[in-house]
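The structure under discussion appears below in the form of structure tokens.
Number of protein chains: 2
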Amino acid sequence: MERERQHLPQVVIVGAGFGGLEAARHLRAAPVAVTVIDRSNHHLFQPLLYQVATAGLSPAEISAPIRAVLRGQRNAEVFLAEVTAIDTANQEVLLGDRRVPYDYLILATGARHSYFGHDEWEEYAPGLKSIQDATTLRSKILRAFEAAELTEDPAERAALLTFVIVGGGPTGVEMAGAIAELAHVALKRDFRRIDPTQARIVLVEGLAHLVPAFPTALAEKTRDHLAHLGVEVCTDTMVQEIDAAGVLMNGERIAARTVIWAAGVRASAAGNWLGVPTDRANRVLVLPDLSVPGQPHIFVIGDTAHAEQEGEPLPGVAQVALQQGRYAAGVICGRLTGQTDPPPFRYHDKGNMATVGRAFAIVDTRRLHISGFFAWVLWLAVHITFLIDFRNRVAVLFQWAWAYCTYQRSARLIVEDNMDEAPTPVAMTEHSAER
Amino acid sequence: MERERQHLPQVVIVGAGFGGLEAARHLRAAPVAVTVIDRSNHHLFQPLLYQVATAGLSPAEISAPIRAVLRGQRNAEVFLAEVTAIDTANQEVLLGDRRVPYDYLILATGARHSYFGHDEWEEYAPGLKSIQDATTLRSKILRAFEAAELTEDPAERAALLTFVIVGGGPTGVEMAGAIAELAHVALKRDFRRIDPTQARIVLVEGLAHLVPAFPTALAEKTRDHLAHLGVEVCTDTMVQEIDAAGVLMNGERIAARTVIWAAGVRASAAGNWLGVPTDRANRVLVLPDLSVPGQPHIFVIGDTAHAEQEGEPLPGVAQVALQQGRYAAGVICGRLTGQTDPPPFRYHDKGNMATVGRAFAIVDTRRLHISGFFAWVLWLAVHITFLIDFRNRVAVLFQWAWAYCTYQRSARLIVEDNMDEAPTPVAMTEHSAER
């Protein structure tokens, strides 16, 4: 097989997120050798990552080994490796000392969170992009309640029970709703000294409305439902400072031990590898066919590409990545068979949806603008359908049904990054006679 | 409630494994205030930990928050904290600066793996006691296959595809069987350059037979079935050296990138806290009523206790811990109600069981000494029954049914301990033209 592969056009895809994996799958019948390179061994269903961070789902339930996904696609191989550079002159992707030649290259390396020039905030306000981010955040949130139960200092307890989420887009809204329900429902009867229902959850958004991609009416519904769940929503509010003590916003200090960043993203290093112009968020400015100016064999797709439609950059959502992955694969197939290139890429927006806590969602499509229980059922159906494999669908459906009936969370696990280092006793107060 | 608690006898339990949790539950109706202290937030079902390490189950499926388990027990509270010392003179448990007074103390802090004085081996041959151990080992095993796929050096590839398990007790046997099936079945069609079925799995045991706690006939069956699964079994073999290159045993070097330690354990620090005599494995030498000599209010149970029966120390298994937990709780209840102490603790051995790969187990009870499929069904029924909550039972049963039907693993997840540090490209070879 290796010998045959050598004589085929080499298509290298970096990144096995929605865009990269979709491109690989759409090349399954093409006379090419596909190599997918990712530094993780798994494809991650990012839209449900907030449920891992809030103890609702286990990591394995929203991820699938890239290798297993592409098992049946005989023209594809998978490398678990970190790309260190791209040699465009020789058409090679560098993995440290190793070089992987390409005839066509698709870069789908996604984005990380960005702190708008305040990188020092990351330490205090982690973001949510990977499984590791999610389990770290889960430990941080659960540990805050544990430390609050132990401390005898009322001010410290209040700070431990205050959660600030920065960024009122879908991720921020979903996190705020999930933390509110965790605190106010799932943990309600689990503590003896604190009352988790007294936890304060603050959602901060710089613009005038939450979820700016949705119509104002749905944003208002979202705000109302969050208020109903006990979330304080602060719109038109800029965060001025984040440190170990909490958040400074509107000139006011909020003492909070847990701050979560859901405000901005920055594209991965693809632009730097290529040395081509990028926008402020480091996204590569691609041509209408998603190729890189001057490099017709290199395509950039998904969160790491800046493609415009009607003068606006396309949003960093799964749908865009999926459609771009399919498009780039199609362009490559066409060129190999000598067809003329298809018309420029056009994004077909099938709509947006977001959940707000249990049994409430907002759905915005061309025909439908709804909120509430029925929207949540739709949200649920769509997310189950798009999960990558059947086992994950069954497992997630079971966890959701269980959570719906029992109000409990399935994965309330605090796991230390390194158990060999003795965990520091949490929130110890001064020597004091207990009880 | 806090006020009432102060006037009750204080029972402090350190460690929420099988023994500690069982003791806490058996005090549910007693007129005492129970405080359970653990440095993890979850109770762990250790007998299935090897399935997490071999990607069969997710961590949350074999663990439950201690708090949730004791939610309904109103006389119990839970502290997530690390015990730093015990002040027996003042009857206080120290958590850093904080002091928790006790009238009765139960120490059930378990054991970690021990390297018989070769602590330098730990780096190369990790053991399996916590969730973190299991996910680290899972990453190590899965990463070995990934690195083997990437490398172009045949010797390196062979070393990456060699797995040595040191210790032929139930854990070692179960790990060897699970790795064999992972390599030879689940991963079979997932790679393009390596053949995972060529992976070499070596199980090393110092004694003449595997699973020494079982009758020789069952040990032989185990050996035969492991051979059938493609595991090389080396009994009567002492490991002389373990380093980055592999293992030295019987004067022969085995090049192996993955070595797993399942050979010995050492009790936790309970003996050091108390300053009382311990055995070679650091287990506290307890009196027949499981109390500590000279400290009638302190009980030590489970893996951290050395209790003898017919001149032999009791084994470090869940059953012993459970029965000791119940016994210690009973002694405390009895003393509070002025009854005379019960007769000395006696362990009632209900038998042993271990799985060997898929659909094969050995079961040894007073009446039954069987191996094969029916033994495996028994093993399965017992393990499902003893899982701590109903949700876990359903989830594990689903994963097992799925794995049984599809031959696949549900949790093939490589997660870096710290994603912020760029993962090093795995097993890169020298500059070479690919393909």
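Just so you know, the protein sequences line up as chains X and D, in that order.
Going by the working numbering, the residue at position 25 of the first sequence is 25; the numbering climbs one at a time, nothing skipped.
Going by the working numbering, the residue at position 204 of the second sequence is 204; the numbering climbs one at a time, nothing skipped.
For each residue, glycine too, the CB sits at the ideal point set by N, CA and C.
Item	Value
Buried or exposed (CB count within 10 angstroms, at least 16 for buried), D/Y50	buried
8 angstroms Cβ cutoff, D/R71 in contact with chain X	yes
Short CB-CB distance (under 8 angstroms) between D/I260 and chain X	no
Cα-Cα separation between D/V259 and X/A244, rounded to whole angstroms	41 angstroms
Where D/T222 falls: helix, strand or coil (DSSP)	helix
Residue burial classification, D/V377 (beta-carbon count within 10 angstroms, cutoff 16)	exposed
Rounded separation between X/V14 and X/V36 - CA only	6 angstroms
Inter-residue Cα distance where the pair is X/E241 and X/A183	26 angstroms
Any C-beta of chain X under 8 angstroms from that of D/S63	yes
Simplified DSSP assignment, three categories, for D/V259	strand
Partner residues on chain D for X/D190, Cβ-Cβ distance less than 7 angstroms	R67, A68 and R71
Contact set for D/A76: own chain, Cβ-Cβ below 7 angstroms, skip 5 residues either direction	A24, V34, V36 and L70
Other residues of its chain near X/A176: CB distance less than 7 angstroms, five sequence neighbours each side excluded	I165, I201, L203, L226 and V231
Collapsed DSSP secondary structure at D/E252 in the structure displayed	strand
D/I131 beta carbon less than 8 angstroms from that of D/V52	yes
Burial state of D/D153 (16 or more Cβ within 10 Å)	exposed
Rounded separation between X/W400 and X/F116 - CA only	36 angstroms
Proximal residues of chain D, C-beta to C-beta of X/N90 below 7 angstroms	Those do not exist, as X/N90 stays about 10 angstroms from chain D at its closest Cβ, beyond 7 angstroms.
Assigned exposure category for X/H42 - 16 Cβ within 10 Å defines buried	buried
Host beta strand (DSSP E) of D/P101 (start-end)	R98 to P101
Neighbourhood of X/V415 by C-beta, 8 angstroms cutoff - its chain only, sequence neighbours within 5 removed	T135 and S139
Alpha-carbon spacing of D/F214 relative to D/R412, whole angstroms	32 angstroms
Of the residues X/I362, X/H297 and X/P212, the one placed nearest X/L380, counting alpha carbons only	X/I362
C-beta contact flag for X/A158 and X/A255 at 8 angstroms	yes
Identity of the residue in D/L44, D/H26 and D/S40 nearest D/D389 by Cα	D/L44
D/P315, buried or exposed, once every other Cβ within 10 Å from all chains shown has been counted against 16	exposed
Counted within 10 angstroms of its Cβ, other Cβ atoms place X/P170 as buried (16 or more) or exposed	buried
Endpoints, the beta strand (DSSP E) within which D/N352 is located	N352 to T355
Delimiting residues of the beta strand (DSSP E) encompassing D/E174	Per DSSP, D/E174 belongs to no beta strand (DSSP E); it is in the alpha helix (DSSP H), P170 to E181.
Nearest to X/R193 (by Cα), restricted to the options D/F79, D/V320 and D/Q339	D/F79
Cβ neighbours of X/R143 in the same chain (closer than 6 angstroms, five flanking residues each side left out)	I414
Residue interval of the alpha helix (DSSP H) (run including D/Y50)	L49 to A53
Close-in-space but distant-in-sequence residues of the same chain around X/L336 (CB under 8 angstroms, 5 per side omitted)	P9, A30, P31 and V32
Chain X contact for D/E4 (CB, 8 angstroms cutoff)	no
Cβ of X/E430 within 8 angstroms of any chain D Cβ	With a pLDDT of 33 at X/E430, under the threshold of 50, the modelled position of that residue is not reliable, and the figure given next carries that caveat. Yes, X/E430 counts as interfacial toward chain D.
Contact residues within the stretch 261-284 of chain X, judged by C-beta distance below 9 angstroms to chain D	none
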